[in-house]
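Reading through the structure tokens given below for one structure.
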Amino acid sequence: MLVTLSGMRSIFIVVSMALITLQESMACSLPYVGREIWDAKPPKDVLMFPGPIPFVIIHHSYIPAACTTGKECSRAMQSMQQMHQQERGWNDIGYSFAVGGDGRVYEGRGFNVVGAHAPRYNNKSVGICMIGDWRVDLPSEKMIVAVESLIEYGVRNNIIASNYTLIGHRQTRPTECPGDRLFEEIKTWPHFVDMWDVVDPNTIAT
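If you read the sequence shown in my numbering, its first letter stands for residue 196, the second for the next number, and so on.
If you want it as structure tokens, here you go:
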């Protein structure tokens, strides 16, 4: 099927309006910080995938360390985006969303955008990074509540599948992420599945 230039513009406008509506809805439903608020750089490219999304994957940032204020968390987001785009050559920050110690959800790539956070799952998952090093310590209760609220929002709006599978990053590749303490915590969360699909890191870059 051929799409004319005017048709492509129409599609772009429809998609853009849908994303704006989604962002407004999330801002009303969650303690939410959009990309423009944390001063994100534009993505190099945006690849979409259809939903409902079957997997939710939990990460920790390790570095940057935990943040407690909006200013600190915005800097953490900028730091991660810079590393992912400039050092690793990715299109954008790797995660779909991040959660800061201020208890707010920070927009990364967003829902239904192919990520760079878990090999073989980037086009069928929501990657949520809990900012900080959670090998020994547990994220605060308000961080955990923010993650739960984000997932609930996705399910309620048919963005995330109601029967989604929740796993940790280490279940997809050899890594300590999301940290031993946080991994033990997410084992108690609804929809966690003790499945292991670890890829050889030498064969897939992300």
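Cβ coordinates follow ideal geometry from the N, Cα and C atoms, glycine included.
Cβ-based neighbour list, residue i, same chain, cut-off 7 Å, excluding 5 preceding and 5 following
i      : result
Ser224 : Tyr348
Met338 : Val294, Gly296, Gly298, Met325
Ala356 : Pro247, Ile248, Pro249
Asp234 : Ser269, Gln273
Asn318 : Phe244, Val309
Pro226 : Gly298, Arg299, Val300, Ala341
Among the options, nearest to residue i - alpha-carbon criterion
i      : options                        : result
Ile232 : Glu379, Glu302, Arg365, His279 : Glu302
Met278 : Ser357, Asp328, Lys236         : Lys236
Gly284 : Pro334, Tyr227, Val228, Ala311 : Ala311
Ile381 : Val394, Gly363, Glu336         : Gly363
Phe244 : Glu282, Glu336, Val309, Ile253 : Val309
His254 : Leu333, Val350, Asn358         : Leu333
Thr383 : Val394, Glu343, Val393         : Glu343
Arg330 : Gly374, Tyr227, Val394         : Gly374
Beta-bridge pairing of residue i - partner residues as DSSP gives them
i      : result
Ala260 : Ala260 pairs with nothing; no bridge assigned.
Val300 : Tyr227, Val294
Ser320 : Phe250
Gly363 : Ile253
Phe387 : Leu361
Ile355 : Ile248
Met243 : Val308
Met325 : His255, Val294
Whole-angstrom distance between residue j and residue i, CA atom to CA atom
i      : j      : result
Trp391 : Ser320 : 15 Å
Ser269 : Arg376 : 25 Å
Pro314 : Cys372 : 13 Å
Leu242 : Ile346 : 21 Å
Arg230 : Cys262 : 17 Å
Val340 : Asp389 : 22 Å
Pro238 : Glu267 : 22 Å
Arg365 : Val251 : 13 Å
Asn353 : Gln281 : 34 Å
Cβ shell of residue i (< 6 Å), same chain only, five flanking positions each side left out
i      : result
Pro259 : Ala271, Ser274
Val228 : Arg299, Tyr301
Cβ separation of residue i and residue j, assumed to be a contact under 8 Å, to the nearest whole Å
i      : j      : result
Asp240 : Asn286 : 5 Å
Ile288 : Arg304 : 7 Å
Leu361 : Phe387 : 5 Å
Thr367 : Tyr316 : 6 Å
Gly155 : Tyr290 : For the chain, the structure presents residues 196 to 401; residue 155 sits outside this window and is missing.
Cut-off 8 Å between Cβ atoms - residues of its own chain near residue i, not counting five sequence neighbours on either side
i      : result
Ser256 : Ala271, Met275, Ala293, Cys324, Met325, Ile326, Gly327, Asp328
Pro385 : Leu361
Val394 : Pro314, Arg315, Thr367, Arg368
Ser335 : Gly296, Gly298
Val350 : Ala356, Ser357, Tyr359
Within-8 Å CB hit, residue i to chain D
i      : result
Cys324 : The displayed structure is made up of one protein chain only, and chain D is not part of it.
Heavy atom of the ligand NAP within 7 Å of residue i beta-carbon
i      : result
Asp375 : The ligand content of the structure shown is nil, which means the ligand NAP is not present either.
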